[in-house]
Structure formats: C-alpha cells, structure tokens
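K.L.:
Sequential numbering from 45 applies to the sequence shown in this note's numbering.
Using N, Cα and C, we set each Cβ at its ideal position, and we do this for glycine too.
Just so it is clear, the structure is predicted and the values come from calculations on it, not from any experiment.
Provided herewith is a single structure, encoded as structure tokens, for subsequent inquiry.
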Amino acid sequence: MRHLKNEVTSIKKDVECGLRLEDGTIGFKPGDSLICYEIRKEEQFTDWDPGF
C-alpha cells in the first residue's frame, strides 16, 4: 500500500492510497469499497453453565 511515494502499513479514513494485489486479475472500479479484516483465533468462554 502506498500513500504518495511512501510505502505505508496503514492509512486514515478518506485518504487516497494505492494498492497492488498479487492476483492481477482483480480490478477496482470507482465506488468500490475495500473492507480489511484480520482472522484471529480467540479462546471462547461463557459466563453461564451450558450444562455439558
């Protein structure tokens, strides 16, 4: 991801940036939204007895 001539790891909302994806068949069009997320595993717990 780049902002102006600098390579960056994050960008503020509503600031333009450039992206390069490994898959060259993916294209963007005006008005497209890019949603970023991180998959992570977290230990699950409950605050009640499930009865198992």
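Are the beta-carbon atoms belonging to cysteine 61 and isoleucine 55 less than 8 Å from one another?
P.N.:
Here the question's residue 61 lines up with position 17 in the sequence shown. Here the question's residue 55 lines up with position 11 in the sequence shown. Cβ atoms of cysteine 61 and isoleucine 55: closer than 8 Å.
K.L.:
Rank Val52, Trp92 and Asp58 by C-alpha distance to the C-alpha of arginine 64 and give the top, closest one.
P.N.:
One-based indexing of the sequence shown puts residue 64 at position 20. It is Val52 whose Cα lies nearest to the Cα of arginine 64.
K.L.:
Excluding the 5 residues preceding and the 5 following methionine 45 in the sequence, name in chain order all residues of the same chain whose CB lies nearer than 6 Å to its CB.
P.N.:
For the purposes of this step, residue 45 is taken as residue 1 along the sequence shown, with counting starting at 1. Within the same chain, methionine 45 has close Cβ partners Val52, Cys61 and Leu63.
K.L.:
Would you report the Cα separation of aspartate 58 and aspartate 91, rounded to the nearest angstrom?
P.N.:
Here residue 58 refers to the residue found at position 14 when the sequence shown is read from its first residue. Here residue 91 refers to the residue found at position 47 when the sequence shown is read from its first residue. Spanning the two alpha carbons is a distance of roughly 39 Å.
K.L.:
Can you tell me the Cα-Cα spacing of leucine 48 and leucine 78, whole angstroms?
P.N.:
Counted from its first residue, the sequence shown places residue 48 at position 4. Counted from its first residue, the sequence shown places residue 78 at position 34. Cα to Cα, leucine 48 sits roughly 19 Å from leucine 78.
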